[in-house]
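**Q**
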Amino acid sequence: MPIDTRPGIPRAAVKNDRLIRALLRRPLDATPIWLMRQAGRYLPEYRETRRRAGDFMTLCKTPDLACEVTLQPIERFALDAAILFSDILTIPDAMGLGLSVQEGVGPRFERPVRSAAEIRALGVPDPEDRLRYVMDAVRQSRQALAGRVPLIGFAGSPWTLATYMVEGGSGRDFRRVKGLMFEAPRLLHELLDKLARAVTAYLKAQAEAGAQVLMVFDTWGGVLSTHAYEEFSLRYLAEVVAGVKAAPAPPPVILFTKGGAGWIEPIAVTGCEAVGLDWTQDLAATRRRVGHRVALQGNLDPLALYAPPERIRAEVSTLLSSFGTGSGHVFNLGHGIEPDTDPEHVRVLVDAVHELSVPYHSGVEPSGVEPCRVE
Ligand code: 1CP
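Be aware that the sequence shown starts at 42, since it is given in the numbering used here, and climbs by one per residue.
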């Protein structure tokens, strides 16, 4: 029976509910799969729409085009979820930092924030005002999907957003933001507190606009020491989850810290439904540690998609067997898909996950224990 976690939506609103079932660790027929950056440069149809848009931010800010791109991978492959086409940097852009994204250069801010005055001048954007284009893209994508698969909404973590805002673009050694962390930690906390409020409001608004699952990308949490991670990233991730969960009928939440292998237990107790894993983490061991609490998402090395089809199937088989029987696994890559990936290899991956995972969902546990409670 199809399930949906939001009241007011007919139970049949999602025809393919594998993702939601896996996140809630309920029985299902096969392991769901979606891919980080599944709508993007590896697809010729994306490159064509981006060309028509002229530049990346126009693509994000034009709901018709964002919706078109959101659906492109769903039209091509048997994926079990759509992820909204947008970017984590929409929030700093709405805060007035002036974002541009150039081919081969990446994201850049015209007005990075570094001083106390610059941080204190930042406002928390109203999602239905300066970020209305994102909410419109959610509403339109949800309508266009017509319940085929659930729609994932997302945001960057406060720490990850702060790295871009302070560095002024992609960091390499994070010299500036770490400088602030060591020299003016209270000022960085002021920025992170503002960002946590902005991210919470943004995710709640996406859920209200129709996003059925929410994911938080903490792409740069892994560059921190353990105690700095707890103080400057995890604490704000937990605040965001608590804020999102305070709304009536909140959707399931996935938290992903790239490089967070050492911190899976504290991430799993934030109140999220699932933890995303990068490819360095062992699925079986992680399931033993936290699989009774949360679902796990991941974690094929994105570069495995360069390998020939037989090797891709073998990698899928290894990961499925590593997770083992029962619900609670969402297949994904350990990070975003590379732009020069062959789309036909994505087809091989998606079909292999569906085909090879069926025996893991027969409903008959060899030991007779509840699926997902592996000790
Ligand atoms: O030239 C182009 O077309 C721009 C490339 C691009 C794309 C396709 C950017 C710029 N953003 C996106 C889309 C995007 N970004 C999505 C779309 C939905 C999907 O299909 O998954 C999502 C979820 C993101 C999220 C995002 N943006 C993250 C977190 C996930 C991750 O990859 O770690 C981060 C760190 C960003 C910042 C960003 N935006 C764009 C780029 C190239 C980057 C990364 C820059 C860097 O490496 O620091």
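Glycine is no exception: its CB is placed at the ideal position from the N, C-alpha and C atoms.
In whole angstroms, what separates the C-alpha of Glu379 from that of Gly263?
**A** In the sequence shown, the residue the question calls residue 379 occupies position 338. In the sequence shown, the residue the question calls residue 263 occupies position 222. Straight-line Cα distance between these residues: approximately 20 Å.
**Q** Can Ile132 and Ala71 be called in contact, C-beta distance under 8 Å?
**A** By 1-based counting over the sequence shown, the position of residue 132 is 91. By 1-based counting over the sequence shown, the position of residue 71 is 30. No. Outside cutoff.
**Q** What are the boundary residues of the alpha helix (DSSP H) that Ile308 is part of?
**A** Translated into the one-based positions of the sequence shown, residue 308 becomes position 267. Counted as a single uninterrupted DSSP element, the alpha helix (DSSP H) harbouring Ile308 occupies residues Ile305 to Ala309.
**Q** Under 8 Å between the Cβ atoms of Ile129 and Leu202?
**A** On the sequence shown, position 88 is the one that residue 129 refers to. On the sequence shown, position 161 is the one that residue 202 refers to. Yes, they are a contact pair.
**Q** Would you mind reading off the limits of the alpha helix (DSSP H) that contains Phe220?
**A** Locating residue 220 in the sequence shown gives position 179, counting from the first residue. Note that residue 220 corresponds to Gly in the displayed sequence, not to Phe. From DSSP, the alpha helix (DSSP H) with Gly220 extends over Arg216 to Glu224.
**Q** Rounded to the nearest angstrom, what separates Leu278 and Gly312 at their Cα positions?
**A** Taking the first residue of the sequence shown as 1, we reach residue 278 at position 237. Taking the first residue of the sequence shown as 1, we reach residue 312 at position 271. Answer to the nearest angstrom: the Cα atoms are 10 Å apart.
**Q** Using 8 Å for Cβ pairs, my map puts Gly209 next to Val218. What's the rounded Cβ distance?
**A** Reading the sequence shown from its first residue, position 168 is the one you call residue 209. Reading the sequence shown from its first residue, position 177 is the one you call residue 218. That belief does not hold up - the Cβ atoms of Gly209 and Val218 are roughly 10 Å apart, past 8 Å.
**Q** So, for Leu346: in the same chain, excluding its five sequence neighbours on each side, which residues have a beta-carbon less than 6 Å away from its beta-carbon?
**A** What you label residue 346 is simply residue 305 of the sequence shown in a count that begins at 1. Correct list, in chain order: Thr382 and His386.
**Q** Using a 10 Å radius around the Cβ and a threshold of 16 neighbouring Cβ atoms, would you call Ala135 buried or exposed?
**A** If you number the sequence shown from 1, residue 135 lands on position 94. Ala135 comes out buried.
**Q** Which complete beta strand (DSSP E) runs does the stretch 98-184 hold, if anything under 3 residues is left out?
**A** Counting only unbroken stretches of 3 or more residues, the beta strand (DSSP E) elements lying wholly within the stretch 98-184 are 140-143 and 147-150, in sequence order.
**Q** What are the start and end residues of the alpha helix (DSSP H) that includes Gly284?
**A** In the sequence shown, counting from the first residue as 1, residue 284 sits at position 243. First-last of the alpha helix (DSSP H) with Gly284: Arg276 to Lys286.
**Q** Would DSSP call His386 helix, strand or coil?
**A** Working through the sequence shown from its first residue, we reach residue 386 at position 345. Three-state result, His386: helix.
**Q** Give me the residue from Ala315, Leu244, Thr267 and Trp261 with the minimum Cα distance to Val284.
**A** As a working note, residue 284 is residue 243 in the sequence shown. Strictly speaking, residue 284 in this sequence is Gly, with Val absent from that position. Looking at the Cα atoms, Leu244 is the closest of the given residues.
**Q** Rounded to whole angstroms, what's the CA-CA distance from Glu411 to His370? Just pull it up for me.
**A** Counting from one through the sequence shown, the residue named residue 411 turns up at place 370. Counting from one through the sequence shown, the residue named residue 370 turns up at place 329. Note that Glu411 has pLDDT 42, beneath the 50 cutoff, so the model's placement of it is unreliable and the number below is only indicative. Cα to Cα, Glu411 sits roughly 15 Å from His370.
**Q** Count the other CB atoms within 10 Å of the CB of Lys56; is the residue buried (16 or more) or exposed (fewer)?
**A** Residue numbering aside, residue 56 sits at position 15 when the sequence shown is read from its first letter. With fewer than 16 other Cβ atoms within 10 Å, it is exposed.
**Q** Give every residue of the same chain whose Cβ lies closer than 6 Å to the Cβ of Glu416, excluding the five residues on either side of it in the sequence, and list them in chain order.
**A** Taking the first residue of the sequence shown as position 1, residue 416 is located at position 375. Any reading at Glu416 must be qualified, since the residue scores a pLDDT of 28, below 50, and its modelled position is unreliable; no value is offered.
**Q** What number of angstroms, rounded off, separates the C-alpha of Leu341 from the C-alpha of Gly367?
**A** In the sequence shown, the residue the question calls residue 341 occupies position 300. In the sequence shown, the residue the question calls residue 367 occupies position 326. Taking the straight line from one Cα to the other gives about 19 Å.
**Q** Counting C-beta neighbours from all protein chains within 10 Å, is the total for Gly365 16 or more, i.e. buried, or is it exposed?
**A** What you label residue 365 is simply residue 324 of the sequence shown in a count that begins at 1. Burial check for Gly365: the Cβ neighbour count within 10 Å reaches 16 or more, so the residue is buried.
**Q** Should Val357 and Val399 be called a contact, given that it needs their Cβ atoms to be closer than 8 Å?
**A** Residue mapping note: residue 357 aligns to position 316 of the sequence shown, counting from 1. Residue mapping note: residue 399 aligns to position 358 of the sequence shown, counting from 1. Val399 is positioned such that its CB atom lies no closer than 8 Å to that of Val357.
**Q** Just the Cα atoms here: how many angstroms apart are Val110 and Tyr83?
**A** Looking up residue 110 in the sequence shown gives position 69. Looking up residue 83 in the sequence shown gives position 42. The alpha-carbon atoms of Val110 and Tyr83 are separated by roughly 12 Å.
**Q** Looking at the ligand 1CP, does it come within less than 7 Å of Gly194, judged from the CB to the closest heavy atom?
**A** For this step, residue 194 is matched to residue 153 along the sequence shown. For the ligand 1CP, not one heavy atom lies less than 7 Å from the Cβ of Gly194.
**Q** If contacts are defined as beta-carbon pairs under 8 Å, then Ile61 and Pro191 qualify, I think. What distance do you get, rounded to the angstrom?
**A** Position 20 of the sequence shown, counted from the first residue, corresponds to residue 61. Position 150 of the sequence shown, counted from the first residue, corresponds to residue 191. The pair is a contact, with the Cβ atoms about 6 Å apart (cut-off 8 Å).
**Q** Closer than 7 Å: is that where the CB of Val477 sits relative to any heavy atom of the ligand 1CP?
**A** Because the chain is modelled from 42 through 416, residue 477 falls outside the range shown and cannot be assessed.
**Q** Relative to the alpha-carbon of Ala107, which residue among Arg352, Ser127 and Ala315 has its alpha-carbon at the smallest distance?
**A** In the sequence shown, the residue the question calls residue 107 occupies position 66. If we check each option's Cα against that of Ala107, Ser127 comes out closest.
**Q** Applying the 10 Å Cβ sphere with the 16-neighbour rule, what's the burial state of Pro85?
**A** Locating residue 85 in the sequence shown gives position 44, counting from the first residue. So Pro85 ends up on the exposed side.
**Q** With hydrogens ignored, establish whether the beta-carbon of Val142 is closer than 7 Å to any heavy atom of the ligand 1CP.
**A** Translated into the one-based positions of the sequence shown, residue 142 becomes position 101. Yes, the beta carbon of Val142 sits closer than 7 Å to at least one heavy atom of the ligand 1CP.
**Q** Report the start-end ranges of each alpha helix (DSSP H) in the stretch 330-397 that is 4 residues or longer and not cut off at the edges.
**A** 350-364
**Q** DSSP has Val257 in a bridge; who is on the other side?
**A** Taking the first residue of the sequence shown as 1, we reach residue 257 at position 216. In the DSSP output, where bridge partners are listed per residue, Val257 has Ala196 and Leu296.
**Q** If I follow the unbroken beta strand (DSSP E) through Ala80, where does it start and stop?
**A** To locate residue 80, count along the sequence shown from 1; it is residue 39. First-last for Ala80: undefined, no H or E at that position.
**Q** Look up Val316 in the DSSP assignment and give the residues it is bridged to.
**A** Here residue 316 corresponds to residue number 275 of the sequence shown, with the count starting at 1. Its beta-bridge partners are Leu296 and Leu337.
**Q** Across the stretch 263-272 and the stretch 301-312, are there enough close Cβ pairs to call them in contact, namely three or more that are closer than 8 Å?
**A** yes
**Q** Look at the alpha carbon of Val282 and the alpha carbon of Ile193, and state the distance between them as a whole number of angstroms.
**A** By 1-based counting over the sequence shown, the position of residue 282 is 241. By 1-based counting over the sequence shown, the position of residue 193 is 152. Val282 and Ile193: Cα-Cα distance of roughly 15 Å.
**Q** Could you check which residue in Leu233, Leu112, Gly188 and Pro104 has the C-alpha nearest to that of Met176?
**A** To locate residue 176, count along the sequence shown from 1; it is residue 135. Of Leu233, Leu112, Gly188 and Pro104, the residue nearest in Cα terms is Pro104.
**Q** Starting from Arg62, trace the alpha helix (DSSP H) in both directions and tell me its first and last residue.
**A** Indexing the sequence shown from 1 puts residue 62 at position 21. From DSSP, the alpha helix (DSSP H) with Arg62 extends over Arg59 to Leu64.
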